[in-house]
Amino acid sequence: MRYRSPWSSSTALMLALFGCGPQLPDATLDDLRQPTGVAMAPGGEHLFVTNGNWDQRQAGGAVVVMDLAALDLALTANDGSAERTPICAPDDELGTLVCNASRMIVPGAGVRLGSGAGNLVVDRPSGGESLARVLTIQRIEPAIVWFEVRMDDGVPRLDCGADPDGGCDEVHTITAALERPELLLPGNPSRIALDAQGYRYAYVPHLLGGALSLVALDGEFGPELVDVTTEFYRVDPFDGTDFAGGFGVASRPCDVTAAPTGSRDCTRPYLYASQRFFPSLRRFSVALGLDVVLPGDESVVPALNPEVVESVPFMGDLTFEDPERDDRLLVVQTTPGGLARVDTSVSDDGDPFDDIVAVVPLCEQPNMLAVHRPELGQALALVTCFGEGQLAVVGLDTFAVIALVQLGDGANEIAIDAARQRAFVANTRDDSISVVGLDSTSTGYLRELARLRR
52 MRYRSPWSSS TALMLALFGC GPQLPDATLD DLRQPTGVAM APGGEHLFVT NGNWDQRQAG
112 GAVVVMDLAA LDLALTANDG SAERTPICAP DDELGTLVCN ASRMIVPGAG VRLGSGAGNL
172 VVDRPSGGES LARVLTIQRI EPAIVWFEVR MDDGVPRLDC GADPDGGCDE VHTITAALER
232 PELLLPGNPS RIALDAQGYR YAYVPHLLGG ALSLVALDGE FGPELVDVTT EFYRVDPFDG
292 TDFAGGFGVA SRPCDVTAAP TGSRDCTRPY LYASQRFFPS LRRFSVALGL DVVLPGDESV
352 VPALNPEVVE SVPFMGDLTF EDPERDDRLL VVQTTPGGLA RVDTSVSDDG DPFDDIVAVV
412 PLCEQPNMLA VHRPELGQAL ALVTCFGEGQ LAVVGLDTFA VIALVQLGDG ANEIAIDAAR
472 QRAFVANTRD DSISVVGLDS TSTGYLRELA RLRR
């Protein structure tokens, strides 16, 4: 049996089931419901969360804002042990602290979206602390949605020109290019990724259809769609299907003394994209000023042989171990489950080697990836496994799994609170968020400290 994406395979059926009939209830703004995206808010005291509404049993999804102060009260600073508070209490069955998520959500701070709300990224247009924007995607009614973050008495509130029904206005809901209305955002946006090297772009791979979209972050009115490259991703290698799509995008650090040819001596963004349904990576760059994606070569991942794999998808998220100076790329292999380390150093002819130097097996259906770089101790790669509701932790010094943390069902996107050394993981099927300790001096290290749930 072939594995299907937990979202894409059911979209058409859900539209058929729920597209007509009685009016659906409004999107939940006061609780967690199929949470998907998580991101730390400016200031570090709040957490942004998307409620996905993947089953479309409500009128749409949402972004909510969670106050983390109550969690700080429940977790002691020294050892991360659980303490009973008005909204948190130990749960013997789960073996962790359970907190009432609805009592952590800031009233009036949430915004309603369309269904299939995905991951969240936080952009700082000025590069400082004064201004921030949040971007996300919605898959079922394809759009890129962005918000201005406005601080109100220390609480971040999201402004997207919401109408009386709570939905965002057309400026903040990107479905086509502003100056070229014929250039439409393709369907099935997978995720959104900010450029990590300071270029003012965001990248949106599409899960189906083979397209990659480019967003300029500093448009006349804010972020805007500027380019769509079709047939960017290869079709899967199986008979009877023609899936073609992407999942993650990672910006490569660039050294002018050893710059890849496509970077024009480090004057252009140089990026890697993972192909969801083919075992390879695709390189590309962007022509500055023209705002055009320039597709590059492809690197087949030899650790994955499509001849012996009977399921899709192949590739998941990817990121560079150190985005400031490292040429080692981490790539999640969804099938078979594993994490690969890829050497992207440049040969004499200007092309990256893209050699896999290590692979470590992981749990079932790994997809999302985040790297924690503590001041002391080894850096960690955190990988969520959707199928088993687990977090695999790989020590990057040894490149071995050092912990496998059981979380809620459908472990998904990850946000790292570097200041408190915690990770927040959205458990989409469980309607919950797990809090995992990352402080190596604490007894709560690499354990689920708390679960925020309905």
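Numbering (the numbering used here), first residue to last: 52 to 505.
No residue lacks a Cβ here, since even glycine has one placed at the ideal position from N, Cα and C.
Taking residue 272 as the reference, which of 229, 443, 166, 391 has the closest Cα?
-> Among 229, 443, 166, 391, the Cα nearest to that of residue 272 is on 229.
What's the call for residue 412, buried or exposed, on a 16-neighbour Cβ count within 10 Å?
-> When all chains shown are included, residue 412 counts as exposed.
Residue(s) in a DSSP beta bridge with residue 446 | 431, 451.
Report the residue ranges of all beta strand (DSSP E) runs contained in full by the region 188 to 267; include only those spanning at least 3 residues, in chain order.
-> Those beta strand (DSSP E) runs which fall completely within the region 188 to 267 and span 3+ residues are 194 to 203, 206 to 210, 252 to 256, 263 to 267.
Does the separation of the CB atoms of residue 462 and residue 476 fall below 9 Å?
-> The answer is yes: Cβ separation under 9 Å.
Which listed residue (482, 480, 479, 500) has its alpha carbon closest to that of residue 488 | Comparing Cα-Cα distances from residue 488 to each of 482, 480, 479, 500, the minimum goes to 500.
Express the C-alpha separation of residue 174 and residue 245 in angstroms, rounding to a whole number.
-> For residue 245 and residue 174, the distance between alpha carbons rounds to 8 Å.
Looking only at C-alpha atoms, which of 142, 308, 113, 152 sits nearest to residue 122?
-> If we check each option's Cα against that of residue 122, 152 comes out closest.
Return the chain-ordered list of same chain residues with a C-beta closer than 6 Å to the C-beta of residue 150, the five sequence neighbours on each side being excluded.
-> Excluding positions up to five away in sequence, the list reads 138, 139, 501, 503.
Identity of the residue in 459, 492, 364 nearest residue 389 by Cα = Minimum Cα distance to residue 389 is reached at 364.
Sub-9 Å separation of residue 185 and residue 197 beta-carbons = Yes, Cβ-Cβ distance for residue 185 and residue 197 is below 9 Å.
Which residues bound the beta strand (DSSP E) around residue 168?
-> Per DSSP, residue 168 belongs to the beta strand (DSSP E) from 168 to 174.
For residue 484, the residue or residues it bridges with in DSSP | According to DSSP, which records beta bridges pairwise, residue 484 is partnered with 477, 503.
Rounded straight-line distance, which links the Cα of residue 262 to that of residue 284 = Going from the Cα of residue 284 to the Cα of residue 262 covers about 7 Å.
C-beta atoms of residue 76 and residue 109 nearer than 9 Å = Yes, the Cβ-Cβ distance between residue 76 and residue 109 is below 9 Å.
Rounded straight-line distance, which links the Cα of residue 325 to that of residue 385 | Going from the Cα of residue 385 to the Cα of residue 325 covers about 11 Å.
Taking all protein chains shown into account, do 16 or more other C-beta atoms lie within 10 angstroms of the C-beta of residue 120, making it buried, or fewer, making it exposed?
-> The C-beta of residue 120 has fewer than 16 other C-beta atoms within 10 Å across all chains shown, which makes the residue exposed.
Just how far apart, CA to CA, sit residue 168 and residue 79?
-> So the two alpha carbons sit approximately 13 Å from each other.
Segment contact, 8 Å Cβ cut-off, at least three pairs: the region 243 to 260 with the region 296 to 315 = Under the Cβ criterion (8 Å, minimum of three pairs), the region 243 to 260 counts as touching the region 296 to 315.
If we count the other Cβ atoms within 10 Å of its Cβ and call it buried at 16 or more, is residue 63 buried or exposed?
-> The predicted model places residue 63 with a pLDDT of 44, which falls under 50 and marks its position as unreliable; any figure quoted below should be read in that light. Answer is exposed; the Cβ neighbour count stays below 16.
Determine which residues share a DSSP beta bridge with residue 394 and list them.
-> Beta-bridge analysis with DSSP links residue 394 to 379, 406.
Between the C-alpha atoms of residue 374 and residue 74, what's the straight-line distance to the nearest angstrom?
-> Straight-line Cα distance between these residues: approximately 47 Å.
Spatial neighbours of residue 69 in its chain, beta-carbon cut-off 6 Å, leaving aside the 5 residues before and after = Caution applies to residue 69, whose pLDDT of 43 falls short of 50 and renders its modelled position unreliable; the value that the coordinates give is listed next. Result list for residue 69: 107, in chain order.
Residues near residue 269 by beta carbon distance below 7 Å, same chain, minus five either side | So the list reads 176, 251, once near-sequence residues are dropped.
Counted within 10 angstroms of its Cβ, other Cβ atoms place residue 398 as buried (16 or more) or exposed = Counting C-beta atoms within 10 angstroms of its own C-beta, residue 398 has fewer than 16 neighbours from the protein chains shown and is therefore classed as exposed.
Touching or not, the region 434 to 444 and the region 412 to 422, by the rule of three or more beta carbon pairs under 8 Å?
-> The region 434 to 444, when compared against the region 412 to 422, does touch it at the 8 Å Cβ threshold.
Can you tell which of 162, 420, 266, 401 has the C-alpha that lies nearest to the C-alpha of residue 371?
-> Ranking the options by Cα distance to residue 371, first place goes to 420.
Residues in its own chain within less than 8 Å of residue 410 by CB, not counting five upstream and five downstream?
-> Contacts found: 354, 384, 389, 390, 391, 392.
By DSSP, does residue 492 sit in helix, in strand, or in coil?
-> Coil.
Please confirm if the region 109 to 118 is in contact with the region 154 to 172, defined as three or more CB-CB distances below 8 Å between the two stretches.
-> Result yes; three or more Cβ-Cβ pairs closer than 8 Å.
Please name the residue, chosen from 188, 203, 136, 142, that lies closest to residue 158 on a Cα-to-Cα basis.
-> Measuring from the Cα of residue 158, the nearest candidate turns out to be 203.
Would you list the one or two residues that DSSP bridges to residue 384?
-> According to the DSSP secondary-structure assignment, residue 384 is paired through a beta bridge with 366, 389.
Report the partner residues of residue 151 according to the DSSP bridge assignment.
-> Looking at the DSSP assignment, residue 151 forms a beta bridge with 504.
DSSP three-state call for residue 497: helix, strand or coil?
-> Residue 497 falls in the coil class under three-state DSSP.
Per DSSP, the bridge partner or partners of residue 441 = Under DSSP, residue 441 forms a beta bridge with 436, 457.
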